[in-house]
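Working notes, beginning with the structure itself.
Residue numbers (the numbering used here), protein chains in the order written: chain A, 3 to 260; chain B, 3 to 260; chain C, 16 to 316; chain D, 16 to 316.
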């Protein structure tokens, strides 16, 4: 694949990286979010501070971590602290500017389900659960959701709200007293969704050569598009070169070349 | 002063040391309590674990500390922890078996005042305040009070209860839900007081050559003596030798030779 | 002196009983598989197992029938897939497994309350989520100053906590570096504490650097010396995480027969950790840590 | 790069304002007298000064008229006597001083709540004492599980916290060993943080041993390099406590004229810490720490 072609995963990593400003404090997970942060650090945001829920602060790993507790995130970090400090002194304290979230289901209001498909008591599919996602969704100043438009991944309503979006059964974020702004962008493999004034996710950008209909067909509610619908700028040659040759040469998270 | 003579301070240190059992965890302060612990460690309780509110655990100082934050308590300690851990994980957790307390005033019920003489708002004498004493008095499994029978030091009722004894204005320790047993012995420079069934301090032992009347005259309530009134065994030659020649050769805390 | 030092067999036999609430902590780092395997080998039953991230260690204990309740916040095989024994238990009730589920913050708060011996811990969390709808232990309290409502979780005070660490002395004064997770809170919250170490060191080594000590001996009941005892988890400065095994587990645990075969071969079929290691001759070559030793600091005065 | 590094004069001028709530922590260890002297020199007024142990540093600031309220738990000169300026203020209203008084546990809990940005902290304390009778900020809350009543203290969130430390990098990533007191909680609780260090080190030194870091640069606003800046307090590994001066203070502070003379000679009469040290030529000989360097640990994998 030449550098003027790119895979959806590469576009997702680039789109996420563009959302990060230099010097911000990012609560980051494994996979595409981690790639996006490293891409941002290698380009426009060299002073991004990465915090992992495992307690590693300011990590600069010399290998791509398979888990957020990877020893490469510890050796050479600026600080390692206990998890009580991570959640109380960093997250609840309001020090986290950006939190990354993903999930099996994302609904119309940006609520995320990583707990169960079906009934909680006897689920069809038991998912891992919250981990730190519930509190990241509540406390991070803003969150970025990275999730593919696979079948049934974007229902009108999730089976279980693990991480709250803009409007849950209880009400709006403001009514429920959540400090953070919630998911300001949902980065999919075909385009980007953003909340409208009511908190409902609408399509604001499609990736090159993607039609609105291709997105709407994969979303479980009558998806609206913001007018005028933007088209996401493709990755630069530099982005592609960094992703393929430096950041994920084994394509652990970029997946097979499209 | 020969080793078969001894000062009141020496007798107090020895009497306090005798209260400590090998292997116990002791929350210790500076001065006579510190001396008593070191004497116990040098004699019958080599495995005593000393904890200072400063966060030093298992200290074995190579000099007599002037303050509980002395660097000699840190170098060579088994553990140094933050003060949040000292008060939550050790003291409130119930790990402290013995706590030492002292104060300007000790009353009939073993309540201690280290806050003010006179009215709180405009005191005649402003004392340092609680430090960790209030919580030590509440949580240590038992406390030892070390205090001299100076004029007005043992009133019927203290001006201010900094550290609760067996019965405060609010009721008994049990009624108030205090985990620890409170001051089981009050070690003075003339004898030892202990609570009776009601929690009132009564004289149970006098030091050699001390009369009951000498103690009663210095106490602000009609002091009773337990029958039969015991006489405290004098320090051994070993005790005296350790105190004078090893533990406090400069008599920083033993005071001038009597 | 030997102090509290004993074998894993002795430590588990003496301190882990049927029906106990057991914490085996360690966030990715220092997960004590050696202790879990001995618990399985001694066929403990009806344990309430508590871990933020159940990990393979819980999947194995669930498959072996040791666990009747799981207290947790994230049950997966990070980067590699699912915990299929856990999923079978929850999705098909094979075997039955009760769940007491929180988020990471909730679990950390439960252990913090336990360590402080407070009955609850307040946190700003759970608004808008369905987690409290399925867990009545998550409640709320009103702030006596602002009047605002805060979420609460109850203290978690296990019967026994097992901490894997890099080193300890014979009395259990324990030092850990790298990720510390919630090991300190779990140990202080517990009635009994078993420390499992890569290295038993003289008290002098501990006293050289007291700020590294995370557990004082006075709360430790047993010290077990078990090098490589955390494999396939890792010990910073000693050995790397066996990521290959974590990936393999996806295949092993997917098939109940294969999983039972694994337990027969690697747990029931061998007497102890030494035998486990003797079957992994390439482990040291593959995973032994490089040297990356930091400078010491001056404690002089 | 210079990062956040500035002079003490700049740091105090920019970050400490009249009327601010100021924490200068350090339990016996690492009490930043250099910052207190600069605050006095710049004649700050109406400060709410917060310290568990006000120590000489508070006695000097009170005598200089900087402090209108003291938030504390033990106000004495340990092992040496009284804080007489503090006592004159309280006993004779010269100058007037408001008190907000707790026990050590209460102060630690106030800072812990502040660091976690919780409005209160629960603790089992104060039953049977008169402290809540003179401090209405000590209240209670009912446990939503057991129904028992627990004491509470409100969060303490200062405008600025000054932390003295052994070393930091130019971005304020800060490492401390020896007694750590409540420095971490105070810094995380604060709107602004000034770190004062014995040594400015390269980021590489910090990254060598990340478990030693108690403050991340992301919460630090200014880094001041001030060797011996804690004297007469101490810095483990750098210099011992000047116990002689603590004993002398009993005599100096007892007499208002002598105390004012001390401030004229040692604070107002000199421009900065360098001048202070130049007047103490024997300090290094008397108090420089011996070498007692611990071994490093391996962060390899």
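Just so you know, even glycine gets a beta-carbon here, dropped at the ideal spot from N, CA and C.
Quantities reported herein were computed from a predicted structural model and do not represent experimental measurements.
- Within 10 angstroms of the beta-carbon of residue 180 of chain D lie 16 or more other beta-carbons, which makes it buried.
- Contact between the region 28-35 of chain C and the region 80-92 of chain B is absent: fewer than three C-beta pairs spanning the two stretches fall below 8 angstroms.
- Taking each of C:195, C:176, C:23, C:126 in turn and checking the Cα distance to residue 71 of chain A, the smallest one comes out for C:195.
- In its chain, beyond the 5 residues on either side, 188, 189, 190, 221 have a beta carbon closer than 7 angstroms to the beta carbon of residue 228 of chain C.
- In terms of CA proximity to residue 53 of chain A, A:134 leads the group A:20, A:134, A:127.
- DSSP, reduced to helix, strand and coil, places residue 29 of chain A within a strand of the structure shown.
- Counting along the chain, no alpha helix (DSSP H) covers residue 157 of chain D; the unbroken beta strand (DSSP E) around it starts and ends at 154-157.
- Not one beta carbon of chain D lies nearer than 9 angstroms to the beta carbon of residue 104 of chain C.
- As computed with DSSP, residue 164 of chain A is found in no beta bridge at all.
- A Cβ-Cβ distance of about 7 angstroms is found for the pair residue 153 of chain D and residue 121 of chain D, placing them in contact under the 8 angstroms criterion.
- Setting aside the 5 residues that flank it on each side, residue 257 of chain A is surrounded in the same chain by 9, 11, each with a C-beta closer than 7 angstroms to its C-beta; the list follows chain order.
- In this structure the region 249-268 of chain C does not lie against the region 50-69 of chain C, because fewer than three pairs of beta carbons, one per stretch, are closer than 8 angstroms.
- Ranked by Cα distance from residue 34 of chain A, the options A:167, A:73, A:50, A:13 are led by A:13.
- Chain B has no Cβ within less than 9 angstroms of the Cβ of residue 141 of chain C.
- For the C-beta of residue 91 of chain A, the chain D residues within less than 7 angstroms are, from N- to C-terminus, 130, 131, 203.
- The beta-carbon distance between residue 144 of chain A and residue 183 of chain A, rounded to whole angstroms, is 5 angstroms. This is short enough to meet the 8 angstroms contact definition.
- In the three-state scheme derived from DSSP, where H, G and I count as helix and E and B as strand, residue 126 of chain B is classed as strand.
- If you draw a straight line from the Cα of residue 200 of chain D to the Cα of residue 233 of chain D, it is about 15 angstroms long.
- Neighbourhood of residue 89 of chain D in chain B, by CB distance below 9 angstroms: 116, 130, 131, 132, 133, 134, 135, in chain order.
- Residue 222 of chain C reaches chain B at 60, 62, 77, 78, 79, 80, counting residues in chain order whose Cβ is nearer than 9 angstroms.
- In the structure shown, residue 136 of chain D falls within a strand segment according to DSSP collapsed to helix, strand and coil.
- For residue 21 of chain A, the nearest beta carbon of chain C is not closer than 9 angstroms to its own beta carbon.
- Here residue 56 of chain C has 282, 283 as same chain residues with Cβ atoms under 7 angstroms from its own Cβ, once five neighbours each way along the sequence are excluded.
- Under DSSP, the beta-bridge partners assigned to residue 185 of chain A are A:145.
- Less than 9 angstroms separates the beta-carbon of residue 239 of chain A from that of residue 6 of chain A.
- Taking all protein chains shown into account, residue 177 of chain B has fewer than 16 neighbouring C-beta atoms within 10 Å of its C-beta and is therefore exposed.
- When C-beta distances to chain C are compared with 8 angstroms, the residues of the region 92-111 of chain A below that value are 93, 94, in chain order.
- Interface annotation for the region 27-60 of chain B against chain D: 32, 33, 55, 56, 57, 58, criterion Cβ-Cβ distance under 8 angstroms.
- For residue 73 of chain A, the neighbours in chain D by C-beta distance under 7 angstroms run, in chain order, 316.
- Listed in chain order, the beta strand (DSSP E) runs fully inside the region 68-93 of chain D are 82-87, counting runs of at least 3 residues.
- Here residue 25 of chain C is exposed: its Cβ has fewer than 16 other Cβ atoms, across all protein chains shown, within 10 Å.
- Secondary structure within the region 187-246 of chain D: the alpha helix (DSSP H) runs of 4 or more consecutive residues, fully enclosed, are 198-204, 218-223 (chain order).
- Bounds of the alpha helix (DSSP H) holding residue 300 of chain D are 298-302.
- Counting C-beta pairs with one atom in each stretch, the region 72-85 of chain D and the region 38-52 of chain D have three or more that are closer than 8 angstroms, which means they touch.
- Per DSSP, reduced to three states, the secondary structure at residue 162 of chain C is coil, with no helix or strand assignment.
- Chain D has a Cβ within less than 9 angstroms of the Cβ of residue 87 of chain A.
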